[in-house]
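J.: All you need for the working numbering is the position in the sequence shown, starting with 1, plus 9.
The beta carbon of each residue, even a glycine, is placed where N, CA and C say it ideally should be.
Just so we're clear, the structure is a prediction, and the values are computed from it rather than from any experiment.
Take this structure, written in structure tokens, and hold onto it; I'll ask about it next.
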Amino acid sequence: MPKPDFTDYEKRLSADHEHRCRALLTTQLIWRICRTRKCGRDRACTGAMLVSSHQDSKVRVQREIGLSGHACARLPACLANAQEPAFQIFERIMDELQKYQIEHPEYRLPKFDRCLKGRQSPQGLPNP
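Right, here's the structure in full:
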């Protein structure tokens, strides 16, 4: 039996995961204490995404259902390097945000969306 192709599905999962993480850190004003200069300049969480050991259990769950696990392996740099108590607080607030987004699907962060769009080149070319 051929293995199903999850590449598009995993891309969507990865984009949603990144958007939720960055949205939460932006709304909680984490960029004020984040050491990434880019986040401070943008006044939003727009820095690098790094693979984090905090996500090992979620990666394992995704692999058990047949996915690669790459969709949830990365976190924003400030959170990827955070201590465990800070990460536990993040997870608790993330659960609350996900419940809120399910109840209010029209909820958007226009400022955050503008920050990300401003960093993309119009024709998919790399920024100079």
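#1: Can you tell me which of the three DSSP states P94 falls into?
#2: Alpha carbon to alpha carbon, how far is H63 from E93? Give it in angstroms, no decimals.
#3: Counting beta carbon pairs with one atom in the segment 97-111 and one in the segment 66-81, are three or more of them shorter than 8 angstroms?
#4: With respect to the alpha helix (DSSP H) encompassing L76, which residues constitute its N-terminal and C-terminal limits?
#5: When you compare only the Cα positions, how much space is there between I42 and Y116?
#6: Here's a check: name, in chain order, each residue in its chain whose Cβ is nearer than 7 angstroms to the Cβ of A80, leaving out the five neighbours to either side.
#7: Taking the alpha-carbon of L59 as reference, which of Q97, T45, A53, D51 has the nearest alpha-carbon?
#8: For the beta strand (DSSP E) containing L59, name the first residue and the last one.
#9: Does H63 come out as helix, strand or coil in the three-state DSSP assignment?
#10: With DSSP as the reference, label L84 as helix, strand or coil.
T.: This is what the structure holds:
#1: helix
#2: Distance between the alpha carbons of E93 and H63 is about 8 angstroms.
#3: no
#4: First-last for L76: undefined, no H or E at that position.
#5: 25 angstroms
#6: Taken in chain order, the residues that qualify are E19, L22, S23, H26, Q71.
#7: Ranking Q97, T45, A53, D51 by Cα distance to L59 puts T45 first.
#8: 58-60
#9: helix
#10: strand
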